[in-house]
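Down below is the structure, laid out as structure tokens.
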Amino acid sequence: MVTGVGDHSRFCVIATAVVRATGRAVCLAFVEASRGFEAPGEVLTDNGSCYRTLLEECAHARPCASEIERRQVLPYWLHTCNHHRGHSALAGVPPAGRVLDLTGENG
């Protein structure tokens, strides 16, 4: 899995399954993510808690018949995680609420 999560907002801009997390696969995922968001000034990589959450709530939450089906579940999980699921680091607010506050679109 390749994911990209904003450090301040915890908004996940990309979650995609790759065969191997090579440099090329990661760069292609970031290019895809940058189509809808401003490019980050800095990128930090790690095996953070987003991977455990992704595995628990998406990859292992229900059986998938194939990798294609598993990839089809990702956009739904991403939307739910960003817009509906409260985040502990954000006092229970979904990440989209933090993004909207930063852009001035949320009150």
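Note that the sequence shown covers residues 9 to 115 in this note's numbering.
Beta carbons: idealized from backbone N, C-alpha and C, even for Gly.
Roughly how far, in whole angstroms, is the beta-carbon of residue i from the beta-carbon of residue j, given that I think they are within contact range, below 8 angstroms?
i	j	result
Ala-104	Asn-90	5 angstroms
Val-10	Val-39	11 angstroms between Cβ atoms; not a contact.
Using the Cα positions of residue i and residue j, report the straight-line distance between them to the nearest angstrom.
i	j	result
Thr-24	Ala-37	7 angstroms
Glu-77	Pro-71	10 angstroms
Trp-85	Thr-30	24 angstroms
Gly-94	Phe-45	22 angstroms
Leu-82	His-16	22 angstroms
Pro-48	Val-101	23 angstroms
Ser-96	Val-27	31 angstroms
His-92	Arg-32	32 angstroms
Return the first residue and the last residue of the beta strand (DSSP E) that residue i is part of.
i	result
Val-81	Segment 75 to 91 is the alpha helix (DSSP H) holding Val-81; no beta strand (DSSP E) there.
Gly-12	10 to 13
Thr-24	20 to 24
In terms of residues, what are the limits of the alpha helix (DSSP H) holding residue i?
i	result
Cys-35	31 to 42
Using 10 angstroms around the beta-carbon of residue i, count the other beta-carbons present and answer buried if the total reaches 16, otherwise exposed.
i	result
Gly-12	buried
Ser-74	exposed
Arg-106	buried
Arg-60	exposed
Val-51	exposed
What three-state label does DSSP hand residue i in the structure shown?
i	result
Ala-104	helix
Leu-52	coil
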